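Residue numbers (my numbering): 29 to 145.
Notes to accompany the following structure.
In structure tokens, the structure reads:
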């Protein structure tokens with residue numbers, strides 16, 4: 029999906045986890061046990077391509093590889109305004125998340141790859 033990302037930040041979390049701790053935005057990628065935040069290029073600079081899948085991308089750089097608590101077995105990508113950009117269900121309560129980008133400061137491509145281990 030392509031979109032102009034509001035406030036140039038995405039959140040990767042279990043969308044039903046009301047207790048998810050949103051990390052402070054300190055770098056391109058910040059994280060807590062229950063959420064990963066990823067900066068993007070500013071919406072005024074154009075659209076950002078965002079993908080969520082089980083398959084790793086080619087031609088991008090890995091900027092995060094860790095785990096997120098997913099108590100309901102779901103993980104999704106949300107904007108700062110609460111819009112869902114997609115989710116994957118049927119995961120384990122602890123989901124491995126890898127984030128790949130095309131630029132280490134203001135990415136216009138963000139690929140999120142998940143696995144249950």
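Every residue, glycine too, gets a C-beta built ideally from N, C-alpha and C.
No experiment lies behind these values; they were computed from the predicted model shown.
Inter-residue CB distance, residue 66 and residue 138 (contact presumed, cutoff 8 Å): 6 Å
Environment of residue 144 [buried if 16+ CB atoms lie within 10 Å]: exposed
What are the partner residues of residue 30, as DSSP defines its beta bridges? 77
Please state whether the Cβ-Cβ distance between residue 125 and residue 142 is less than 8 Å. yes
Determine the extent of the beta strand (DSSP E) in which residue 57 is found, giving its start and end residues. 57-59
Would you call residue 29 buried or exposed, if buried means 16 or more other Cβ atoms sit within 10 Å of its Cβ? exposed
Candidates 84, 120 and 39: which alpha carbon is nearest residue 52's? 39
For my contact list, residue 75 and residue 31 are in at a C-beta cut-off of 8 Å; report their separation, rounded to the angstrom. 6 Å
By DSSP, does residue 36 sit in helix, in strand, or in coil? helix
Between the beta-carbon of residue 88 and the beta-carbon of residue 129, is there less than 8 Å? yes
Close Cβ partners of residue 81 (< 7 Å) along its chain, the five nearest in sequence each way excluded: 141
Nearest-angstrom beta carbon gap, residue 103 and residue 68 [assumed within contact, 8 Å]: About 18 Å; that fails the 8 Å criterion.
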